[in-house]
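See below for the structure under consideration.
Numbering (the UniProt record's numbering), first residue to last: 1 to 432.
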């Protein structure tokens, strides 16, 4: 083949490369010629290793060029001509061979590609139609980028020299993986192929106890399970209970509860794990923000599994009541504790009233049912957002509809209508 020819004069080899690029970029050239030129670029790289050095200064433009319309904003900055050409071929010819050009370039120029991978991935957010049509072509490219990033991250982690720039680079690699996952989350075929690579990275962080990357690790977990949870993702939940705290885990824990609730509830140990984690956080002297996350998780648990988690309703209420009667500095935590109790009221009104009437707390200044209702009605203006206001209204209507209304409700009857109006007005503004 021509590509295997021995070039004694490097200028001739350079000229051959220029002719290939000219054939690819020439707007007057016929489509079959452009396709052949694109594939010739890959063949030249395979058979003429010297070209790698010749192309290296342009690799950023070349990689972005192949993605063309995927990165239209970047193309306007970096490469006016070469950029749209290859991607136009991919788009118009649906030629699978053209993606091999991208894969070859990524393999040879990993270090050069890594800094721009995040740019590519960010632009993918705006090209869902393109990815949907060309899933088969995009998948191997996304997987190869992810594999190279995983390898770079592992090398950075193993080189424990404490260098700050190394840690910054490692975080950048993880952020790039996250952006890629976010960009393709609507396309299961791609995410399924990326899953193994991302889980490998997460396990590497966990097993090496690389605490500085915990935030990024659980952002990646959340991106893996935002649409579906595969069997190989569930062990990440068990690992989370041992190694992390709820601040890192909140988005992913929420997904574990809501994306596939049947799979979650079929293992009693998972329910136990979530409950124990939240109980520990709400019982200890931990910052209000973390306790808010724990309380929110308990609310999600109650609402997601109505009439299916009776054994933990009483313990949940008792934990939250014990925290509510102690000093709370932030209105957000107090409101969140009230919201958990409102969810429990909605879950089973009779059981909830019984729990409040029988639970004893040395820190309470009045019967707990009275304390709960009075605090609730005084704080209705602290319930913000659609969900919180809706829950507050659902709780009030549930309480009013009970055949045996608590006496404290009659004592506070003058607050009921103003509280409801405040909530409805807040909802109206939120919908506008």
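From the three backbone atoms N, C-alpha and C, an ideal C-beta is built for every residue, glycine too.
| Asked | Found |
| --- | --- |
| Flag this pair as yes or no: are the beta carbons of residue 257 and residue 300 separated by less than 7 Å? | yes |
| Short check: CB of residue 293 to CB of residue 250, under 7 Å? | yes |
| What does the alpha-carbon distance come out to for the pair residue 177 and residue 296? | 28 Å |
| Check whether the region 381–389 and the region 344–352 are in contact - that is, three or more C-beta pairs closer than 8 Å. | no |
| Where residue 397 and residue 288 are concerned, what is the direct C-alpha to C-alpha distance, given to the nearest angstrom? | 29 Å |
| Is DSSP giving residue 384 helix, strand or coil here? | coil |
| So residue 378 is in the alpha helix (DSSP H); what residue range does that whole segment cover? | 368–378 |
| Between residue 325 and the rest of its own chain, which residues show a CB-CB distance below 6 Å, the 5 nearest in sequence each way excluded? | 361, 363, 364 |
| How should residue 380 be labelled, buried or exposed, when 16 other C-beta atoms within 10 angstroms of its C-beta is the threshold for buried? | buried |
| Between 50, 37, 26, which lies nearest to residue 7 when the distance is taken from Cα to Cα? | 50 |
| Give the straight-line distance between the Cα atoms of residue 53 and residue 152, rounded to the nearest whole angstrom. | 21 Å |
| I'd like the span of the alpha helix (DSSP H) that includes residue 215, first residue to last. | 214–224 |
| What first and last residue would you give for the alpha helix (DSSP H) that runs through residue 269? | 268–283 |
| Identify, in the order they occur along the chain, each residue of the same chain with its Cβ nearer than 8 Å to the Cβ of residue 328, setting aside the five sequence neighbours on each side. | 288, 334, 337 |
| Tell me which same chain residues have a C-beta within less than 8 Å of the C-beta of residue 199, skipping the five on either side of it? | 224, 232, 233, 236 |
| In or out: residue 356 buried (at least 16 other Cβ within 10 Å) or exposed? | buried |
| Would you kindly check if the distance between the Cβ of residue 261 and the Cβ of residue 304 is under 7 Å? | yes |
| Quick check: the Cα distance between residue 36 and residue 30, rounded to an integer number of angstroms? | 10 Å |
| Candidates 393, 17, 159: which alpha carbon is nearest residue 427's? | 393 |
| Can you tell me which of the three DSSP states residue 28 falls into? | coil |
| Which same chain residues, not among the five before or five after residue 10, have their C-beta less than 6 Å away from its C-beta? | none |
| Does the Cβ-Cβ distance between residue 205 and residue 218 come in under 7 Å? | no |
| Between which two residues does the alpha helix (DSSP H) holding residue 210 run? | Segment: none, residue 210 is in no alpha helix (DSSP H) and carries neither H nor E. |
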